[in-house]
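Inspection log for the structure reproduced underneath, given as structure tokens.
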């Protein structure tokens, strides 16, 4: 005869039932708005972008020349007070990508709408580089008086949210496979043209590329480590090897290591279509920590990228 041994402790082990990440994402109309540069019509941002069956593509008013390729786009978020540094960045970019000019899109809140400003920046890039301007309108309703760092202007918090969640859901991004985010003070030094970074991304199947890493100031990330581990638990995820190696220090505390995102290239679908990444970004957004604590897009993206993206796709 056979004796079957049952271990009561094994039978009582909790079973983890992961949440469906798609069920956590609320496709709602946001207070933020964007304007079409050709029709002038304003649209409310949606926190989840869905291509409609009759969608013919976002129409863009390109200066200089229309793009020959839609593999990648270079994006800035700029304001008039940054015009001088923006011109410097564009001049360097034009020189380094002279062998294969890529389209550049500048997002702004209306203070770069003047024709003379746009034509001047178009001349800075040169006749072979497509340039477009996308006007957007932020809302201050999320900013509660007395609950944010007074050191930072409202525009800074909007910038953090823009690059964390909203940019990949702008319809212009549906035209491209990759986007290269630069800030107005992102300077690229070099005398000779560089290899096309978008071609490299495609050939090597890279999902996200960055130039440097650093340590975040602990004062800016209260609660972020806790909410990320809540997210892992909700989805029955264990910290990945890469996550433990880069994000964890003694006694499982936060290492504060971050990827610099102000000079990074990403697959557009990474933050828009990956269900777990979308769920994480929406969890962060609904928490309000971007405005309450000044959580930046760098630590928010670094946590989820090191958890979910394989090392050979994150370089």
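In the numbering used here, the protein residues as written are 6 to 320.
All C-beta atoms, glycine included, are put in the ideal place defined by N, C-alpha and C.
Treat the numbers as computed from the prediction; the structure is a model and nothing was measured.
Counting along the chain, residue 250 sits inside the alpha helix (DSSP H) bounded by residues 246-252. The criterion of a C-beta distance shorter than 8 angstroms is satisfied by residue 265 and residue 303. Of all alpha-carbon atoms in 24, 191, 39, 21, the one lying nearest the alpha-carbon of residue 93 is that of 191. Counting only runs of 4+ residues, the alpha helix (DSSP H) found wholly inside the region 97-168 occupies 120-130, 159-166, in chain order. Within the region 257-294, the complete alpha helix (DSSP H) segments of 4 residues or longer fall at 273-278, 280-292, listed in chain order.
Under the DSSP assignment, residue 215 falls in the beta strand (DSSP E) whose first and last residues are 213-215.
Looking only at 82, 48, 253, 270, the smallest Cα-Cα distance to residue 63 is reached by 48. The beta carbon of residue 305 lies closer than 6 angstroms to those of 169, 289 in the same chain, with the five residues before and after it left out. Under the three-state reduction of DSSP output, residue 219 falls in the strand class. For residue 77, DSSP records a beta bridge to 183. For residue 183, the closest C-alpha among the options 270, 109, 163 is that of 270. DSSP places residue 196 in the coil class of the three-state scheme, outside both helix and strand. Where residue 306 is concerned, there is no enclosing beta strand (DSSP E), although the alpha helix (DSSP H) around it starts and stops at 302-313. DSSP, reduced to helix, strand and coil, places residue 204 within a helical segment of the structure shown. Taking a contact as a CB-CB distance under 8 angstroms, the pair residue 207 and residue 76 counts as one, their CB atoms being some 7 angstroms apart. For the pair of segments examined, the region 104-122 was found to touch the region 67-81: the number of CB pairs separated by less than 8 angstroms reaches three. For residue 36, the enclosing beta strand (DSSP E) stretches over residues 34-40. Burial check for residue 314: the Cβ neighbour count within 10 Å reaches 16 or more, so the residue is buried.
Residue 48 is bridged by DSSP to 39. About 6 angstroms separates the Cβ atoms of residue 292 and residue 232, confirming a contact at the 8 angstroms cut-off.
Residue 232: member of the alpha helix (DSSP H) spanning 229-239, first to last residue. Setting aside the 5 residues that flank it on each side, residue 212 is surrounded in the same chain by 272, 275, 314, 318, each with a C-beta closer than 6 angstroms to its C-beta; the list follows chain order. Put simply, the backbone Cα of residue 177 is about 43 angstroms away from that of residue 20. Cβ atoms of residue 143 and residue 123 stay farther apart than 8 angstroms, at about 21 angstroms. Shortest Cα-Cα distance from residue 68 to any of 133, 50, 181 involves 133.
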